[in-house]
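> Shown below is the structure under consideration.
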Amino acid sequence: MNPHGARRRNGRALAGLEMIEDAIYAVIAVFLIGSGVLLLLGAGIDISKTFDINNIHPLVVRVLDETLLVFMVVELLHTVRVTLRDHTLAAEPFLIVGLIAGVRRILILTASSDTLHSGPDFVVYWVQLLLLIVLVVAMVIALFIWRRTASGDTPADR
Numbered sequence: 036m037n038p039h040g041a042r043r044r045n046g047r048a049l050a051g052l053e054m055i056e057d058a059i060y061a062v063i064a065v066f067l068i069g070s071g072v073l074l075l076l077g078a079g080i081d082i083s084k085t086f087d088i089n090n091i092h093p094l095v096v097r098v099l100d101e102t103l104l105v106f107m108v109v110e111l112l113h114t115v116r117v118t119l120r121d122h123t124l125a126a127e128p129f130l131i132v133g134l135i136a137g138v139r140r141i142l143i144l145t146a147s148s149d150t151l152h153s154g155p156d157f158v159v160y161w162v163q164l165l166l167l168i169v170l171v172v173a174m175v176i177a178l179f180i181w182r183r184t185a186s187g188d189t190p191a192d193r
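For what it's worth, the numbering used here labels the leading residue of the sequence shown as 36, then goes sequentially.
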């Protein structure tokens with residue numbers, strides 16, 4: 036068996052798999068774009084249908100929730116673009132999406148906590164809030180470490 040022929044076949048197989056992978060990522064990108072557009076349209080329709088100046092707080096909370104969800108979709112779209120360009124899967128965009136998701140949940144949780152003053156729901160609220168805060172701080176630290184190591188800024192470099 037000719038080793039050059041086997042390498043050529045492997046190269047073609049790998050190129051074919053890479054094309055299929057790129058096509059799948061392109062389809063995912065189209066779905067993410069569609070999702071982002073639909074979420075923005077939904078937020079706009081929600082504003083126009085339920086706008087009441089006397090009861091604006093629930094509307095602002097819903098729009099903030101939907102807008103941060105769009106932000107997460109856009110960050111995922113960025114991740115797909117980077118993956119298509121570099122043919123690597125980077126961890127940083129996923130940390131950013133997780134950070135946005137955590138902040139989003141904290142904002143929604145605190146915005147909808149007006150009625151909680153005592154009881155088991157109050158305890159659940161505080162446990163959930165504290166866990167989310169710890170999670171967000173952990174992701175910020177992870178991002179900080181990731182960026183320092185990615186830039187090559189180590190104590191020996193200083």
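We put the beta carbon where it would ideally sit given N, CA and C, even for glycine.
Below 8 Å on the Cβ atoms is my contact criterion, and I expect residue 119 with residue 60 to pass it. Report the Cβ-Cβ distance as a whole number of Å.
Yes, they are in contact, since the Cβ atoms of residue 119 and residue 60 sit about 5 Å apart, within 8 Å.
> Grab me the residues of residue 64's own chain with a C-beta within less than 8 Å of its C-beta, minus the 5 sequence neighbours each way, in chain order.
Cβ neighbours of residue 64 beyond the five flanking positions: 112, 115, 116 and 119.
> Entirely within the region 62-133 and at least 4 residues each: give me those alpha helix (DSSP H) ranges in chain order.
Taking only runs of at least 4 residues, the alpha helix (DSSP H) segments lying wholly in the region 62-133 are 92-121.
> Who are the near neighbours of residue 48 in its chain, counting only those whose CB is closer than 7 Å to its CB and skipping five residues on each side?
Taken in chain order, the list of residues that qualify is empty.
> In whole angstroms, what separates the C-alpha of residue 135 from that of residue 157?
One C-alpha to the other measures close to 24 Å.
> Helix or strand or just coil, what does DSSP make of residue 51?
Three-state result, residue 51: helix.
> Consult DSSP for residue 2 and reduce its assignment to one of helix, strand or coil.
Beyond the ends of the chain as shown, which are 36 and 193, falls residue 2; an answer cannot be given.
> Contact defined as beta carbons within less than 8 Å: I believe residue 74 pairs with residue 101. What is the distance between those atoms, to the nearest angstrom?
Right, their Cβ atoms sit about 6 Å apart.
> What number of angstroms, rounded off, separates the C-alpha of residue 169 from the C-alpha of residue 132?
The straight-line gap from Cα to Cα measures roughly 16 Å.
> In whole angstroms, what separates the C-alpha of residue 179 from that of residue 86?
One C-alpha to the other measures close to 40 Å.
> Nearest to residue 165 by CA position, among 182, 84, 176 and 137, is which residue?
Among 182, 84, 176 and 137, the Cα nearest to that of residue 165 belongs to 137.
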